[in-house]
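Report on the structure given below.
10 protein chains.
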Amino acid sequence: MLETFANPHPHRDYLIEHVAREFTSLCPKTGQPDFGTVTVRYVAAELCVELKSLKLYLQQFRNRGIFYEDITNVILNDLVSTCRPRWMQVRTRWTVRGGMRSVITAEHGEPPGIVR
Amino acid sequence: MLETFANPHPHRDYLIEHVAREFTSLCPKTGQPDFGTVTVRYVAAELCVELKSLKLYLQQFRNRGIFYEDITNVILNDLVSTCRPRWMQVRTRWTVRGGMRSVITAEHGEPPGIVR
Amino acid sequence: MLETFANPHPHRDYLIEHVAREFTSLCPKTGQPDFGTVTVRYVAAELCVELKSLKLYLQQFRNRGIFYEDITNVILNDLVSTCRPRWMQVRTRWTVRGGMRSVITAEHGEPPGIVR
Amino acid sequence: MLETFANPHPHRDYLIEHVAREFTSLCPKTGQPDFGTVTVRYVAAELCVELKSLKLYLQQFRNRGIFYEDITNVILNDLVSTCRPRWMQVRTRWTVRGGMRSVITAEHGEPPGIVR
Amino acid sequence: MLETFANPHPHRDYLIEHVAREFTSLCPKTGQPDFGTVTVRYVAAELCVELKSLKLYLQQFRNRGIFYEDITNVILNDLVSTCRPRWMQVRTRWTVRGGMRSVITAEHGEPPGIVR
Amino acid sequence: MLETFANPHPHRDYLIEHVAREFTSLCPKTGQPDFGTVTVRYVAAELCVELKSLKLYLQQFRNRGIFYEDITNVILNDLVSTCRPRWMQVRTRWTVRGGMRSVITAEHGEPPGIVR
Amino acid sequence: MLETFANPHPHRDYLIEHVAREFTSLCPKTGQPDFGTVTVRYVAAELCVELKSLKLYLQQFRNRGIFYEDITNVILNDLVSTCRPRWMQVRTRWTVRGGMRSVITAEHGEPPGIVR
Amino acid sequence: MLETFANPHPHRDYLIEHVAREFTSLCPKTGQPDFGTVTVRYVAAELCVELKSLKLYLQQFRNRGIFYEDITNVILNDLVSTCRPRWMQVRTRWTVRGGMRSVITAEHGEPPGIVR
Amino acid sequence: MLETFANPHPHRDYLIEHVAREFTSLCPKTGQPDFGTVTVRYVAAELCVELKSLKLYLQQFRNRGIFYEDITNVILNDLVSTCRPRWMQVRTRWTVRGGMRSVITAEHGEPPGIVR
Amino acid sequence: MLETFANPHPHRDYLIEHVAREFTSLCPKTGQPDFGTVTVRYVAAELCVELKSLKLYLQQFRNRGIFYEDITNVILNDLVSTCRPRWMQVRTRWTVRGGMRSVITAEHGEPPGIVR
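Chains as they are written, first to last, in the working numbering: chain A, 3 to 118; chain B, 3 to 118; chain C, 3 to 118; chain D, 3 to 118; chain E, 3 to 118; chain F, 3 to 118; chain G, 3 to 118; chain H, 3 to 118; chain I, 3 to 118; chain J, 3 to 118.
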């Protein structure tokens, strides 16, 4: 489902960040909806993630039961296998549950100098 | 009381953060209630902290008299002995007392690269 | 438990507001702690509410199970019967539960002109 | 699905507000998810809205296609017919679509003095 | 260009607000671009403004030279003649020019009670 | 120095607001610079204030010694005698001097309904 | 100690506001320092309050023990007897004590139309 | 179109930042307008970018269809070839599209010590 | 006057921060009051600073004339000689004087790894 | 015009920051006023900058035409030659001109460890 396009400036390490503020999935334990923000930051190699397909990809989790820790790594794995970036980070921030909010951050590859 | 579950992605160092904004304990000197926020950040090894048990664990301090400096280290010690993380940080932020607010931060282990 | 002192300026309608940001009680259904802010606004007649006794009065709810709607009216009733104000308003604002936050507002008497 | 409980203080006009920040439905035109906040404010007569049932009621719209203007009035109608309040207001605030954000506000009954 | 749809709840006065944060036109004096936010608030009679056509209508000003005071009234006139609302307000807020920012507000009709 | 242009929509009462955030004059007592924000709000009759001439007019105070209370009324008088509005308000907000900040507000005429 | 100067525009009702953010006095019970903000808003008749003398007047409370409710009315009384305003309001906002912050508001006279 | 002027202090590495908050271009896919902020940060060698020409240069994109990733690198390339800086960074931040906002960051050269 | 207690966790480097937002002293030149915030951050060795004695210690400066630069170092010296920390930082932030605000930061010892 | 006083604690590297939020000069091209904030941060050697003389020094630019890039370096040079600091940084932040705001940062010397 995720689509890519050719990196228009492949000879330069530059940083791309997409923030999806309207993410929702289900809690696998209670079936209750979870709400959060998904931030994808990466330095592309040959391929960039196409924005609309990213939106549709993230919508697939709408009615799927999956834990915070797991979903963050699953999104990272799916994106890495699709666009093979030099470096990528996925961060999910979740709204309050039981008086607690959570943030999960996973990375693939060594961060280039542009990532400070 | 603290429960754990198996880290679903043990081969990757990723960062987990839980922020409990509704923490309260008692001042051991005056018996007056203290209010604060407890932030737990860690990189798991084999085990992750189960969220609901973390909530219940933190509620145990509700009617217990304990100093800021002590409670921060006690929470860190309890969590470390339960889930044996690669790295963990506990930070407590307290509301104003006598015109002063306090923040205590304690860590266990060396912070991996994902912690910047 | 609530104490009062003589209004030092009884011939003028003036507005007094106390905001207790560290309020906690228990949910009567689940036994889980609730957290909120209690705002008391009033125009005194002969008596003012003594601040320290107000703090201690509010602490009494710490381990008591009581619903949002009820507690707001109970606090208003207790304060009104203690200091007989010209007008009084009690507002409770609660932290997020199940993705929802609540605010309850109850008043006693007709608001004088100073209350705009 | 909506449940009620007996108003514990029926002889006083007081204001109840519930803000559900995690609301989502579907756009009936495009099938794309909409995200928003639903605020319910009311002065109860004999019955109050039970919070958990309100949460579950609002979750029913998760996979239902309905326009902003319609959903606001539908929620108001459902709540009014369930708890017969003296006055009720429903406001929905929606996230940005096509560079625009929307807010819809509908009311039932004449606002009592407590609503300023 | 502006399109309408039948008001789904014509028997109730309710308030609709659309905020377009990405508005741009040209200064008729200097030809330089102006940037602003357009807020439309109205109580519909028989017809509601269709959102996508509102977006396209506002984009028509992108390369048109027109003064702040004029554009606000022109938008109001166009919308009123299209959807014949019970009441409508158009407000434009402009970014800083020469160290000054401007806000223009125009209304059509008497505001109903829902507009407080 | 102040210039005007013909009100393009003289048959409707609409509200115009200009906020000049970069105002400076001198304290007549100490010769030290004062800094503030000048907000002009008005409902035009036949004439509107031209923005660039308003900017230049306000710059005239740059090296002039004048008190807060006086300057607010002087600006109002000058603008009123130039454009004869249905209603006008001038508000000046000043930065901190001696630990105090000041706000002065003066009006001309009765506020029409559009001013709420 | 409070000084006045002749109102430069006595024929117009205009609003003057001074906000002293650096106010401190002592608690008469404990001797501990209190900290707050004092806001004076008034419509002058013949006399305006001179700013520097207002600053020095407020500094007099630095080492004086006086309750919140009392000090607000004392400041109002002193200012009213010095400058005989058409209307005056004094509001004091206090920093947190025992988890509570307080705001006291007292007025003299009927608010003119400029006070909305 | 971009103009330069001689760096007035060429013997010192110092940091220059210009933030254009009113940038707009077109989406090459849909023809719809995009809105964003362009931040240029650089350490000059012999030449500085003239501000007004930078404004006019950025306005050229107003009716041009170009992707986020491309435009960021194009602006960087144009500026680098015009003023040959020791180091330069271009960052574009875009408003929400499809519930997502994006930030693209590209650099030329090694950042000197002044860039921390 | 400053009191200490035994560090309850001396075998771990952890960070303690106290922020006193209600600090006041006198300007030695003009005798006018200064207002500021004092932040103390430290990693304890054997001894921790007792909070109430810290509050009383800081109140000693209330009627003492001392410059910003001096007071910051004096507080640091007094605290270091009392509790002999591994590392300590004192930062004072002052409110606006003559249109300028100041911040002074002094440290003792090398910052351990916990201080990032 | 700039005056100094002997560093009261010359044996310790500590950081001094003064922020002048009320800076104004003239644009040498158009003669129009520029407004900004000047931040001076330094680690003193033998001499500290006297605050009142710094204020008067900065006021000298009020009616002087000078470019952003130039003024930042001129202020740094003047301060360095007056007080010979171990390290000094001058940053100027300017209000919006033509839809763009600018920040210029220049330094003298190598930053000591206290500057993080």
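Glycine included, each C-beta is placed from N, C-alpha and C at the ideal position.
Please report whether the beta-carbon of residue i lies at a distance below 8 Å from any beta-carbon of chain F.
i     : result
I:G33 : no
Which partner residues does residue i have in the DSSP bridge list?
i      : result
B:T41  : B:V21 and B:R93
B:R99  : B:M102
I:G67  : I:L28
D:D15  : DSSP output for D:D15 lists no bridge partner at all.
E:P114 : DSSP, once it has assigned bridges, lists no residue as partnering E:P114.
Within 8 Å of any Cβ in chain G, is that where the Cβ of residue i sits?
i     : result
B:V98 : yes
In the DSSP assignment, find the unbroken beta strand (DSSP E) run with residue i in it and report its ends.
i      : result
I:V76  : I:V76 -> not in any beta strand (DSSP E); alpha helix (DSSP H) instead, spanning Y70 to C85.
H:A108 : M102 to H110
List the residues of chain J that residue i touches, going by C-beta distances under 7 Å, in chain order.
i      : result
H:I116 : T107 and E109
H:R14  : N75 and A108
I want to see whether chain D comes within less than 8 Å of residue i, judged by CB atoms only; does it?
i     : result
A:Q62 : no
C:S55 : no
Determine whether the Cβ of residue i lies closer than 8 Å to any Cβ atom of chain B.
i      : result
A:G101 : yes
A:E19  : no
Distance cutoff 8 Å, beta carbons only. Does residue i sit that close to anything in chain I?
i     : result
J:C50 : yes
J:R23 : yes
Terminal residues of the continuous alpha helix (DSSP H) containing residue i?
i     : result
E:L4  : From DSSP, E:L4 is part of no alpha helix (DSSP H); its letter is neither H nor E.
F:Y59 : L53 to Q61
Closer than 7 Å by beta-carbon distance: list the chain G residues that pair up with residue i, in chain order.
i     : result
I:F37 : E24
Using the beta-carbon of each residue, which ones in chain H are nearer than 9 Å to residue i?
i     : result
J:D80 : Within 9 Å Cβ-Cβ: nothing; J:D80 doesn't reach chain H, min ~13 Å.
Can you list the residues of chain D that residue i reaches, using a CB-CB cut of under 8 Å?
i     : result
E:P10 : F69, E71, D72 and N75
Is there a Cβ of chain C sitting closer than 8 Å to that of residue i, yes or no?
i      : result
G:S104 : yes
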